[in-house]
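Asks: Sharing a structure here in structure tokens format.
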Amino acid sequence: MLDFPKWKIWTIAATLLAGLIFAMPNFVPASAWPEPLPQGQLNLGLDLRGGSHLMLEATADDVLKARLEALEETVRTELRIAEGGAIAFTDLSQGRDRVSLTVTNAADLDRALSVLRRVSTPVGGITGTRETEVSNNGPRITLQATQAGVALAVDSAMAQAVEVIRRRIDELGTREPNIIRQGTNRIVVQVPGLQDPDALKSLIGKTAKLEFKLVDVDADPALVAEGRAPPGSQILPSIEGGTVVVKRRAIITGDQLIDSQVSTNENGQPAVSFRFDSTGGRRFAQATQANVGRPFAIILDNTVISAPSINEPILGGSGIISGSYTVATANELAILLRSGKLPVELKVVEERTVGPDLGADSIRAGAIASVLATIFVAVFMIITYGRFGVYSVVALIANGVLVMAIMSGLGATLTLPGIAGFVLTVGAAVDANVLINERIREELRRGRAVVGAVETGYREASRTIFDANVTNVIAAAIMFAFGSGPVKGFAVVLTIGIITSVFTAVTITRLMVAGWLRSRPKSLVL
Amino acid sequence: MRLLKLVPDNTNIGFLRWRNVAVGISVLMIIASFALVAIRGLNFGVDFSGGLMMEVRFEQEARIEELRRTVNSAGAGSASIQTFGDANTVSIRLPLPPGDEAAVQRVVTRVQDAVRAGNPDASFRRTETVSGKVSGELVTAGALAILFAMIGISVYIWFRFEWQFGVGALFALLHDVALTLGFFAVTQYEFDLNIVAAVLTIVGYSLNDTIVVYDRVRENLRKYRKMGMAELLDLSLNETLPRTIVTSLTMIIALATLVAFGGSVLFGFSVAMLLGIGVGTYSSIFIAAPILIWLGVGPGSFLPTESGGEGRLKPKTRSERIGG
Numbered sequence: 001m002l003d004f005p006k007w008k009i010w011t012i013a014a015t016l017l018a019g020l021i022f023a024m025p026n027f028v029p030a031s032a033w034p035e036p037l038p039q040g041q042l043n044l045g046l047d048l049r050g051g052s053h054l055m056l057e058a059t060a061d062d063v064l065k066a067r068l069e070a071l072e073e074t075v076r077t078e079l080r081i082a083e084g085g086a087i088a089f090t091d092l093s094q095g096r097d098r099v100s101l102t103v104t105n106a107a108d109l110d111r112a113l114s115v116l117r118r119v120s121t122p123v124g125g126i127t128g129t130r131e132t133e134v135s136n137n138g139p140r141i142t143l144q145a146t147q148a149g150v151a152l153a154v155d156s157a158m159a160q161a162v163e164v165i166r167r168r169i170d171e172l173g174t175r176e177p178n179i180i181r182q183g184t185n186r187i188v189v190q191v192p193g194l195q196d197p198d199a200l201k202s203l204i205g206k207t208a209k210l211e212f213k214l215v216d217v218d219a220d221p222a223l224v225a226e227g228r229a230p231p232g233s234q235i236l237p238s239i240e241g242g243t244v245v246v247k248r249r250a251i252i253t254g255d256q257l258i259d260s261q262v263s264t265n266e267n268g269q270p271a272v273s274f275r276f277d278s279t280g281g282r283r284f285a286q287a288t289q290a291n292v293g294r295p296f297a298i299i300l301d302n303t304v305i306s307a308p309s310i311n312e313p314i315l316g317g318s319g320i321i322s323g324s325y326t327v328a329t330a331n332e333l334a335i336l337l338r339s340g341k342l343p344v345e346l347k348v349v350e351e352r353t354v355g356p357d358l359g360a361d362s363i364r365a366g367a368i369a370s371v372l373a374t375i376f377v378a379v380f381m382i383i384t385y386g387r388f389g390v391y392s393v394v395a396l397i398a399n400g401v402l403v404m405a406i407m408s409g410l411g412a413t414l415t416l417p418g419i420a421g422f423v424l425t426v427g428a429a430v431d432a433n434v435l436i437n438e439r440i441r442e443e444l445r446r447g448r449a450v451v452g453a454v455e456t457g458y459r460e461a462s463r464t465i466f467d468a469n470v471t472n473v474i475a476a477a478i479m480f481a482f483g484s485g486p487v488k489g490f491a492v493v494l495t496i497g498i499i500t501s502v503f504t505a506v507t508i509t510r511l512m513v514a515g516w517l518r519s520r521p522k523s524l525v526l
Numbered sequence: 527m528r529l530l531k532l533v534p535d536n537t538n539i540g541f542l543r544w545r546n547v548a549v550g551i552s553v554l555m556i557i558a559s560f561a562l563v564a565i566r567g568l569n570f571g572v573d574f575s576g577g578l579m580m581e582v583r584f585e586q587e588a589r590i591e592e593l594r595r596t597v598n599s600a601g602a603g604s605a606s607i608q609t610f611g612d613a614n615t616v617s618i619r620l621p622l623p624p625g626d627e628a629a630v631q632r633v634v635t636r637v638q639d640a641v642r643a644g645n646p647d648a649s650f651r652r653t654e655t656v657s658g659k660v661s662g663e664l665v666t667a668g669a670l671a672i673l674f675a676m677i678g679i680s681v682y683i684w685f686r687f688e689w690q691f692g693v694g695a696l697f698a699l700l701h702d703v704a705l706t707l708g709f710f711a712v713t714q715y716e717f718d719l720n721i722v723a724a725v726l727t728i729v730g731y732s733l734n735d736t737i738v739v740y741d742r743v744r745e746n747l748r749k750y751r752k753m754g755m756a757e758l759l760d761l762s763l764n765e766t767l768p769r770t771i772v773t774s775l776t777m778i779i780a781l782a783t784l785v786a787f788g789g790s791v792l793f794g795f796s797v798a799m800l801l802g803i804g805v806g807t808y809s810s811i812f813i814a815a816p817i818l819i820w821l822g823v824g825p826g827s828f829l830p831t832e833s834g835g836e837g838r839l840k841p842k843t844r845s846e847r848i849g850g
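Residue numbers (my numbering), protein chains in the order written: chain A, 1 to 526; chain B, 527 to 850.
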């Protein structure tokens, strides 16, 4: 064991140097650190720098409902523009997992079926499963969502939701938001350093589905009072109180918006202006032209915001939504409209917000605890093992540097429990040295010569060190697999610390011990 | 220079003489812990109970009774308020109000306004809300993690040693986990995700100790074929005692530093770990080792293999060892 070939010494030296280089960016200002060297710093978790963590969840039922609404719209359009002339139908309705309709003329049935089968896109895979199964019972056609179809819908809705949330948060101008999908129907949003988590929540918690629908002026007020809408119409709550009856079919939706800004209305109050793309603008023009003099409703998330009358055709493809807005709420709505609607409603199922001052306190406490723990353990090791204690302290410091280097290099996140993991590693890293040193003491006691005792000590202790550390890695790995957020951060530091500590506590101290043994010491005080 | 030796050379403590008493006490402690957890219950934090938690810091010592009245009169449901880390900081826990996100927000605002009205110096440092569904999942994940860690580690030991050692380790772990939970049931310290991390770490480190002892037992079984099992275990425990003491001390030093300086958030975690180190050390000596006797581990358990390095060691007798 005293035989350290040159290459081994160089490898150890190179590892330590690399560790120093990777750890350095955490200590020197970026300007003083040359460009070609690694720049990665420890990534501080939200609990250390302050910020908000939100977990959002969509239910499959909600996704399905949104999907079926879209499907209903597609069915309507496809049948109207069907090859060989529009297909007349009645009773288009939605069930929990299906859309059904009745074809008016039996002669159109086959044509309708073939059109609707085309609507149903294959999910993929060899089974040829489609999003929906189309079947009919006489003139009654049913499009039933398949299991695979629902799964696909959830998947694409979540992917789309992530994009929408990203756009909305980017609009807030916060830096480094972390938006990740978790499981099948969850999204985790982490925004560091945000002072006002409520603004964040109201921004991502809203669906922002904008629709323009004609007001059904012919609805029987008596029936409406009973909560029954005429066929093809629906009753929606109004933001000003009361309800408004509107046609189910939207003349146009927010999907065709290309821009939305805060502006003011004719009375100088804050309002939100919007602009459609060219197709949307044309459709808006046609719809307003055909309905001059009649009221239409501007609907956001199934609530009527305002129901103005169309005084003249709106040809420019842009308009204004006014209501009782402040500049702040108008700005929020403008952001929501610009970033597009969420494909499905998302509920906040978990929220953790840490104020920046608590984060700063935690970093300070963590740093103090780490430094003091290192000093205390170092002093204890030196008074217990003398020269060999000094070696293990050197190893302990090298271990700290390496843990920091690997964390920085990997861009891993340091959380407060992570700091605890680090402090714990300080206590545990010396265990390997304790094992070795105690073994050497034993061997010396049995009358072995220095070199023999040291050699046996390292050899015998190595096996124990290996077994003991494997169990810790098992515990840490399970923690990583099952833990969430901060606990994961703890597991990461623990795992890295365990692995590096075996290297520093065994290999590096052995190098130092070997160097000392070359001077042929007669005795060893241990 | 004279170095510190916490355990004198040639210490020979008859640990195993106390095995029946020790294991009896341990079994009682385990039962008591389970009973306490069942009767008193654990003071689950929002991670596991679901609900709303706010950490508030005041410039001076928090007046908890007054706060409780303030918060309860804000009509947010019955609040559980306790100091958090130091006397100036409290955690306010509330059940999750029925309804959507807006309802939660209203409760938060109402409580914040009510507290600030009486205490202009209050600063809300942390807010956490966890829905019942998520907290249920966290409980399951936490329990599974502890269970899998215990089983995974025992299986590893079974592979590396013999099945008796795996069983012994499992019992030692059961002891450590049960006593840690019992401690949390007695003190009613908040039990949250961090504590699960602490328990898993205790599982890892308690095993560390157990393995060091077992490793020496295996080595001695190969060396001293004729020694009685109790004597051999005592020898192994005494030989590893200096290491056990020194390592436990370094861990205690590190953890005590965390308790003293690590801040309020880590307090529960550090206390749990500190307890775990003590319990884990005890269980390696008084549970993991005696179980080997009862499970019939003896010199035949590790028959030398033809090529095995250890196997070639010539069997020695006890007198040779002492004489050498």
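All residues carry an ideal CB built from backbone N, CA and C; glycine is no exception.
Does the beta-carbon of G850 (chain B) have 16 or more other beta-carbons within 10 angstroms, so that it is buried, or is it exposed?
Replies: To locate residue 850 (chain B), count along the second sequence from 1; it is residue 324. Bear in mind that a pLDDT of 33 at G850 (chain B), under 50, signals an unreliable position, so the model cannot answer this.
Asks: Look up M676 (chain B) in the DSSP assignment and say whether it is helix, strand or coil.
Replies: In the second sequence, counting from the first residue as 1, residue 676 (chain B) sits at position 150. M676 (chain B) falls in the helix class under three-state DSSP.
Asks: If we cut at 8 Å on Cβ distances, does V703 (chain B) have a partner in chain A?
Replies: Residue 703 (chain B) sits at position 177 when you count from the first residue of the second sequence. It does not; no Cβ of chain A falls within 8 Å.
Asks: With DSSP collapsed to three states, give me the class of G577 (chain B).
Replies: Counted from its first residue, the second sequence places residue 577 (chain B) at position 51. Correct three-state label for G577 (chain B): strand.
Asks: Compute the distance between the beta-carbons of Y385 (chain A) and L529 (chain B), then report whether it is under 8 Å.
Replies: For the purposes of this step, residue 385 (chain A) is identified with residue 385 of the first sequence, where counting begins at 1. For the purposes of this step, residue 529 (chain B) is identified with residue 3 of the second sequence, where counting begins at 1. Yes, these two residues count as a Cβ contact at 8 Å.
Asks: Which first and last residues belong to the alpha helix (DSSP H) in which E350 (chain A) is found?
Replies: The residue given as residue 350 (chain A) occupies position 350 in the first sequence. No alpha helix (DSSP H) holds E350 (chain A); the beta strand (DSSP E) holding it covers 347-354.
Asks: Taking the alpha-carbon positions, what's the V772 (chain B) to V434 (chain A) distance?
Replies: Residue mapping note: residue 772 (chain B) aligns to position 246 of the second sequence, counting from 1. Residue mapping note: residue 434 (chain A) aligns to position 434 of the first sequence, counting from 1. Going by the C-alpha atoms only, they are around 7 Å apart.
Asks: Could you spell out the range, first to last residue, of the alpha helix (DSSP H) harbouring A145 (chain A)?
Replies: Locating residue 145 (chain A) in the first sequence gives position 145, counting from the first residue. Here A145 (chain A) belongs to no alpha helix (DSSP H); instead the beta strand (DSSP E) covers 140-145.
Asks: Starting from the beta carbon of D198 (chain A), find every residue of chain B whose beta carbon is closer than 8 Å, and list them in chain order.
Replies: Residue 198 (chain A) sits at position 198 when you count from the first residue of the first sequence. The answer, in chain order, is Q631.
Asks: Short of 7 Å in beta carbon distance, which residues of its chain neighbour L236 (chain A), apart from the five on each side in sequence? Order them along the chain.
Replies: Within the first sequence, the letter at position 236 stands for residue 236 (chain A). These residues qualify, in order along the chain: T243, V244, V246, I299, N302, T303, V304.
Asks: When burial is assigned at 16 or more other CB atoms within 10 Å of the CB, is V547 (chain B) buried or exposed?
Replies: Within the second sequence, residue 547 (chain B) is the residue found at index 21, counting from 1. Exposed, because fewer than 16 other Cβ atoms sit within 10 Å of the Cβ of V547 (chain B).
Asks: Quick one: is E350 (chain A) near chain B, going by C-beta distance under 8 Å?
Replies: One-based indexing of the first sequence puts residue 350 (chain A) at position 350. Interface residue, yes.
Asks: On the CB-based measure, 16 or more other CB atoms within 10 Å of its CB, does S100 (chain A) come out buried or exposed?
Replies: What you label residue 100 (chain A) is simply residue 100 of the first sequence in a count that begins at 1. Buried.
Asks: Does the beta carbon of V426 (chain A) sit closer than 8 Å to a beta carbon anywhere in chain B?
Replies: As a first step, residue 426 (chain A) must be located in the first sequence, where it is residue number 426. For V426 (chain A), the answer is yes, since a Cβ of chain B falls inside 8 Å of its Cβ.
Asks: Across the segment 653-667 of chain B and the segment 572-582 of chain B, are there enough close Cβ pairs to call them in contact, namely three or more that are closer than 8 Å?
Replies: Result yes; three or more Cβ-Cβ pairs closer than 8 Å.
Asks: Given that M753 (chain B) touches chain A, what residues does it touch there, using C-beta distances under 7 Å?
Replies: The residue labelled residue 753 (chain B) in the question sits at position 227 within the second sequence. Chain A residues near M753 (chain B): none, gap ~17 Å exceeds 7 Å.
Asks: Using only the alpha-carbon positions, how far apart do I534 (chain A) and S339 (chain A) sit?
Replies: This structure cannot speak to residue 534 (chain A), because chain A is shown only from 1 to 526.
Asks: Mind checking the segment 472-483 of chain A against chain B and listing, in chain order, the residues whose C-beta falls within less than 9 Å of any C-beta there?
Replies: Within the segment 472-483 of chain A, the residues whose Cβ lies closer than 9 Å to some Cβ of chain B are N472, V473, I474, A475, A476, A477, I478, M479, A481, F482, G483, listed in chain order.
Asks: Assign D760 (chain B) to buried or exposed, taking buried as 16 or more other Cβ atoms, counted over all protein chains shown, within 10 Å of its Cβ.
Replies: Within the second sequence, the letter at position 234 stands for residue 760 (chain B). Label assigned to D760 (chain B): buried.
Asks: Any idea what DSSP makes of L56 (chain A), helix, strand or coil?
Replies: Translated into the one-based positions of the first sequence, residue 56 (chain A) becomes position 56. Here L56 (chain A) sits in strand by DSSP.
Asks: Just the Cα atoms here: how many angstroms apart are A285 (chain A) and G317 (chain A)?
Replies: Taking the first residue of the first sequence as position 1, residue 285 (chain A) is located at position 285. Taking the first residue of the first sequence as position 1, residue 317 (chain A) is located at position 317. Using only the alpha carbons, I get a separation of about 7 Å.
Asks: Touching or not, the segment 409-418 of chain A and the segment 743-752 of chain B, by the rule of three or more beta carbon pairs under 8 Å?
Replies: Taking 8 Å as the limit for Cβ pairs, the verdict is that the segment 743-752 of chain B does not touch the segment 409-418 of chain A.
Asks: Going by CA-CA distance only, name the one from B:V823, B:I679, B:S809 that's closest to I556 (chain B).
Replies: Sequence index remark: in the second sequence, residue 556 (chain B) carries index 30 (1-based). That would be B:S809, whose Cα lies nearest to the Cα of I556 (chain B).
Asks: Taking Cβ-Cβ distances shorter than 8 Å, what residues in chain A pair up with Y731 (chain B)?
Replies: Mapped onto the second sequence, residue 731 (chain B) falls at position 205. Under the 8 Å cutoff, chain A gives A428, N472.
Asks: Three-state secondary structure (DSSP) at T531 (chain A)?
Replies: There is simply no residue 531 (chain A) to check, as chain A begins at 1 and stops at 526 in what is shown.
Asks: To the nearest angstrom, how far is it from the Cα of G567 (chain B) to the Cα of L707 (chain B)?
Replies: Position 41 of the second sequence, counting from 1, holds the residue named residue 567 (chain B). Position 181 of the second sequence, counting from 1, holds the residue named residue 707 (chain B). Distance between the alpha carbons of G567 (chain B) and L707 (chain B) is about 10 Å.
Asks: Alpha carbon to alpha carbon, how far is S260 (chain A) from R166 (chain A)? Give it in angstroms, no decimals.
Replies: Start at 1 with the first residue of the first sequence, and residue 166 (chain A) comes out as number 166. Start at 1 with the first residue of the first sequence, and residue 260 (chain A) comes out as number 260. Straight-line Cα distance between these residues: approximately 17 Å.
Asks: DSSP puts F717 (chain B) in a beta bridge; with which residues?
Replies: Taking the first residue of the second sequence as 1, we reach residue 717 (chain B) at position 191. Looking at the DSSP assignment, F717 (chain B) forms a beta bridge with B:F570.
Asks: Tell me, please, which residues DSSP counts as bridged to N469 (chain A).
Replies: In the first sequence, residue 469 (chain A) corresponds to position 469, counting from 1. The partner list for N469 (chain A) (beta bridge, DSSP) is empty, contrary to what the question assumes.
Asks: Who are the neighbours of S575 (chain B) on chain E, taking C-beta pairs under 9 Å?
Replies: In the structure shown, chain E does not exist; the protein chains are A and B.
Asks: Nearest chain A C-beta to S809 (chain B) closer than 8 Å, yes or no?
Replies: Indexing the second sequence from 1 puts residue 809 (chain B) at position 283. Chain A contact via Cβ: absent.
Asks: So, is R80 (chain A) buried or exposed, given that buried needs 16 or more other C-beta atoms within 10 angstroms?
Replies: The residue you call residue 80 (chain A) lines up with position 80 of the first sequence. That one is exposed.
Asks: When you compare only the Cα positions, how much space is there between V785 (chain B) and L257 (chain A)?
Replies: As a working note, residue 785 (chain B) is residue 259 in the second sequence. As a working note, residue 257 (chain A) is residue 257 in the first sequence. In a straight line, the C-alpha of V785 (chain B) is about 56 Å away from that of L257 (chain A).
Asks: Does D535 (chain B) come within less than 8 Å of chain A when only Cβ atoms are used?
Replies: Along the second sequence, one-based indexing puts residue 535 (chain B) at 9. So yes, D535 (chain B) belongs to the interface.
Asks: Compile a chain-ordered list of the residues in the segment 351-364 of chain A whose CB is closer than 7 Å to at least one CB of chain B.
Replies: The segment 351-364 of chain A vs chain B, Cβ under 7 Å: E351, R352, T353, V354, G355, D357, L358, D361, S362.
Asks: Does any C-beta atom of chain A lie closer than 8 Å to the C-beta of E585 (chain B)?
Replies: Counted from its first residue, the second sequence places residue 585 (chain B) at position 59. Not closer than 8 Å to any Cβ of chain A, the Cβ of E585 (chain B) fails to qualify, so no.
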